[in-house]
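Chemist:
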Amino acid sequence: MAYVPKHRKLKIRWKVAAPLLVLLFLCIYILVSVLHSAVSPEPKRYTICDFSQEKTAERLSKQYKSTYAISDYFYYGETLNLMQNAYHPEGNDPLAGKTVQLNNLCTGEKFPFVFESAADRQIALDELTPGMYEIFVIDDLQPKRAVYTSVFHDNSFTTVKRKGSINKINLFADRNFLKKDYQKTLDQDYLFLEVKAAKPSDKQYDVILDPAGYNKDFTYELDKGVEANGLVEYQENYQAAVALKKDLEAYGLRVLITRDKMDKAVDTYGEKGRLGAAYRSKARYMIHIGQNESTYDSVKGMEIYHSNYSSATFANALLYDLKKHTQLTGNTIYATDLDNAGVMSADLVEGVDGRKIYDGDMYIRESGGRATAAGMYSEAAATQNGAFAKDNREGIQTISIYYSYFTNKQDAAYWKDNRAKIMKVTADSIARTLHVEKNK
4 MAYVPKHRKL
14 KIRWKVAAPL
24 LVLLFLCIYI
34 LVSVLHSAVS
44 PEPKRYTICD
54 FSQEKTAERL
64 SKQYKSTYAI
74 SDYFYYGETL
84 NLMQNAYHPE
94 GNDPLAGKTV
104 QLNNLCTGEK
114 FPFVFESAAD
124 RQIALDELTP
134 GMYEIFVIDD
144 LQPKRAVYTS
154 VFHDNSFTTV
164 KRKGSINKIN
174 LFADRNFLKK
184 DYQKTLDQDY
194 LFLEVKAAKP
204 SDKQYDVILD
214 PAGYNKDFTY
224 ELDKGVEANG
234 LVEYQENYQA
244 AVALKKDLEA
254 YGLRVLITRD
264 KMDKAVDTYG
274 EKGRLGAAYR
284 SKARYMIHIG
294 QNESTYDSVK
304 GMEIYHSNYS
314 SATFANALLY
324 DLKKHTQLTG
334 NTIYATDLDN
344 AGVMSADLVE
354 GVDGRKIYDG
364 DMYIRESGGR
374 ATAAGMYSEA
384 AATQNGAFAK
394 DNREGIQTIS
404 IYYSYFTNKQ
414 DAAYWKDNRA
424 KIMKVTADSI
434 ARTLHVEKNK
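Going by the numbering used here, the sequence shown opens with residue 4, and the numbers climb by one from there.
(1) Nearest CA to the CA of N170: which residue from P92, G398 and F160?
(2) Can the beta-carbon of L128 be found closer than 9 Å to that of T162?
(3) Closest by CA to E197, which one among L278, M135, G357 and S310?
(4) Should the stretch 363-378 be called in touch with the stretch 256-269, which here means at least 3 C-beta pairs below 8 Å?
(5) Does DSSP classify H438 as helix, strand or coil?
(6) Just checking my contact of D209 with R287 at CB under 8 Å: how many whole Å lie between their CB atoms?
(7) Quick one: what's got a C-beta closer than 7 Å to S64's C-beta in the same chain, skipping five residues either side?
(8) Take V117 and list the residues in its own chain whose beta-carbon comes closer than 7 Å to its own, dropping the five residues that flank it on each side.
(9) Touch check for the stretch 390-398 and the stretch 346-366: three-plus C-beta pairs under 8 Å?
(10) What three-state label does DSSP hand T102 in the structure shown?
(11) Relative to the alpha-carbon of P97, which residue among L194, E130, Y79 and I141 has its alpha-carbon at the smallest distance?
(12) If the criterion is Cβ atoms closer than 9 Å, does the pair S403 and A349 meet it?
(13) Enumerate in chain order the residues of its own chain whose CB-to-CB distance from K359 is below 6 Å, with the five nearest sequence positions on each side excluded.
(14) How would you write the range of the alpha helix (DSSP H) that K279 sits in, first residue to last?
(15) Since I51 is in the alpha helix (DSSP H), which residue starts that stretch and which ends it?
(16) Would you check if there are 3 or more beta carbon pairs closer than 8 Å linking the stretch 289-303 to the stretch 404-424?
(17) Kindly provide the ranges of any beta strand (DSSP E) runs that are 3 or more residues long and lie completely inside the stretch 283-330, ordered along the chain.
(18) Helix, strand or coil: how does DSSP classify F195 here?
(19) So is V154 buried or exposed if we call it buried at 16+ other beta carbons inside 10 Å?
(20) Comparing C-alpha positions only, which one of R396, K249 and K427 sits nearest to E81?
(21) Contact check, Y71 vs K164 under 8 Å by CB: the rounded distance?
(22) From E112 to N173, what distance separates their C-alpha atoms?
(23) Provide the residue span of the alpha helix (DSSP H) that contains S159, from first to last.
(24) Where does I402 sit, in a helix, a strand or coil, going by DSSP?
(25) Can you tell me which of K441, K327, G276 and G398 puts its alpha carbon nearest to the alpha carbon of Q387?
(26) Going along the chain, which residues of its own chain have a beta-carbon closer than 8 Å to the beta-carbon of R178, five neighbours each way excluded?
(27) In terms of DSSP beta bridges, what is A234 paired with?
(28) Taking 9 Å as the threshold (C-beta atoms), are L325 and S168 in contact?
(29) Let me know if S310 comes out buried or exposed under the rule of 16 or more other beta-carbons within 10 Å of its beta-carbon.
(30) Tell me, which residues are paired with N491 by DSSP?
(31) Which of the three DSSP states, helix, strand or coil, is assigned to D190?
(32) When you compare only the Cα positions, how much space is there between P133 and E296?
(33) Less than 7 Å between C-beta atoms, sequence neighbours within five positions excluded: which residues of the same chain meet that for Y361?
(34) Among residues of its own chain, excluding the 5 on either side of M86, which ones have a beta-carbon nearer than 8 Å to its beta-carbon?
(35) Are G345 and L322 close, meaning C-beta to C-beta below 9 Å?
(36) DSSP three-state call for Y151: helix, strand or coil?
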């Protein structure tokens with residue numbers, strides 16, 4: 004009879020098995036977590052200055068007891084204007100005369116700007132380095148953190164192309180802007196300005212050139228301009244614009260001419276007109292090129308006009324350089340300052356609303372957006388330009404240059420023989436004023 008061993012009951016040593024099971028489950032948990040993380044990474048939170056998330060939240064959530072309320076803003080050229088009250092061209096804002104300081108949270112740099120009433124004499128955006136800025140108003144010698152009276156985000160503005168790059172400007176005030184990523188709410192709508200370097204767009208321009216003439220929306224026939232001493236203004240202005248465009252592009256600037264052919268008629272007002280093209284181009288500066296005439300053939304000299312709402316800085320720089328490097332001189336007939344003879348603000352004229360607050364030069368007035376009360380002067384301005392110009396916060400800083408009197412033989416002869424040189428000097432002066440360096 005064969006031997007049958009007794010059946011042994013399996014015994015589990017729980018002192019050994021329990022830790023092994025825990026270790027197994029832990030390994031499975033870690034493996035699943037790693038795989039889940041690889042498939043669904045943690046959402047990236049908003050950060051600034053290459054800061055960590057913790058440092059970003061700490062820097063941006065700082066709150067202040069002493070504040071200064073801002074209720075309006077606009078751009079003119081590359082200048083950001085801030086106002087305590089809603090903007091009115093008739094009077095100065097309480098911020099005029101105060102110092103506004105921008106503190107870069109990324110670098111620690113401080114940029115103080117003494118505010119003037121002129122629209123090109125406030126925050127010079129071309130001077131700011133990339134970073135995130137807190138804005139302070141120095142009021143009664145005390146720095147007060149700028150807050151806005153409502154929530155807004157505006158990131159549509161870009162600066163002129165310099166060294167192959169532009170800066171994108173993000174101006175905003177929103178106490179909840181950290182809530183989504185950091186579950187933090189500020190106590191007020193603090194005003195921030197963010198500057199980021201970016202690649203320029205080929206569909207956007209820096210400078211737009213407007214050669215006067217060959218429009219028909221005011222005379223109902225083609226306007227050829229001044230015809231005297233063998234010169235026809237619309238032809239000369241267009242050829243000058245072509246040369247100036249080439250000279251400015253040598254500095255890397257993106258330049259557009261309002262007429263792409265000498266004999267192409269382009270109206271001034273309206274979406275399809277010169278001004279509509281100027282706003283669509285997103286150019287920050289416009290140079291209106293013209294010539295003069297007089298019933299007296301002795302009248303001569305150049306005239307450079309700027310807005311009543313801007314300073315004479317840009318115009319004076321052009322005058323200085325053109326006088327220094329060419330034989331052009333300023334017209335002294337209307338001069339009150341012989342050193343700057345030829346530089347003038349456009350005459351103020353009365354609009355259909357009875358207010359004498361409008362620049363008489365239509366190109367300067369209608370291109371400046373809110374800064375120059377565009378789209379309000381006349382019924383034509385309101386109906387044809389109002390939709391894109393009246394409330395536009397991105398005003399184009401425009402200078403009208405009337406280089407010579409074609410009715411004066413000396414002026415006409417010098418222009419004819421030296422047009423290329425005059426445009427080269429004009430381009431160099433514009434680039435110097437805009438702090439743009441030549442391409443290497």
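A virtual CB, placed ideally from N, CA and C, is assigned to each residue, including glycine.
Only a predicted model underlies this, so the values are computations on that prediction, with no experimental measurement involved.
Modeler: Walking through what the data contain:
(1) F160
(2) yes
(3) M135
(4) no
(5) coil
(6) 6 Å
(7) L181, K187 and L189
(8) T102
(9) no
(10) strand
(11) I141
(12) yes
(13) L351 and E353
(14) Per the sequence shown, residue 279 should be read as Gly rather than Lys. R277 to S284 is the span of the alpha helix (DSSP H), which, as asked, contains G279.
(15) Note, I51: premise wrong, no alpha helix (DSSP H); not H, not E.
(16) yes
(17) 288-295 and 306-309
(18) strand
(19) exposed
(20) R396
(21) Not quite, the Cβ-Cβ distance comes to about 34 Å (not below 8 Å), so this is no contact.
(22) 18 Å
(23) First-last for S159: F155 to T161, but that is the beta strand (DSSP E), not the alpha helix (DSSP H).
(24) strand
(25) G276
(26) V154, T188, L189, D190, Q191, D192 and Y193
(27) The residue asked about is misnamed: residue 234 is Leu in this sequence, not Ala. According to DSSP, which records beta bridges pairwise, L234 is partnered with A231.
(28) no
(29) buried
(30) Only positions 4 to 443 of the chain appear in this structure, which leaves residue 491 out of reach.
(31) coil
(32) 47 Å
(33) L351, V352, G354, R368, A376 and Y380
(34) I73, S74, D75, Y76, D96 and L98
(35) yes
(36) strand
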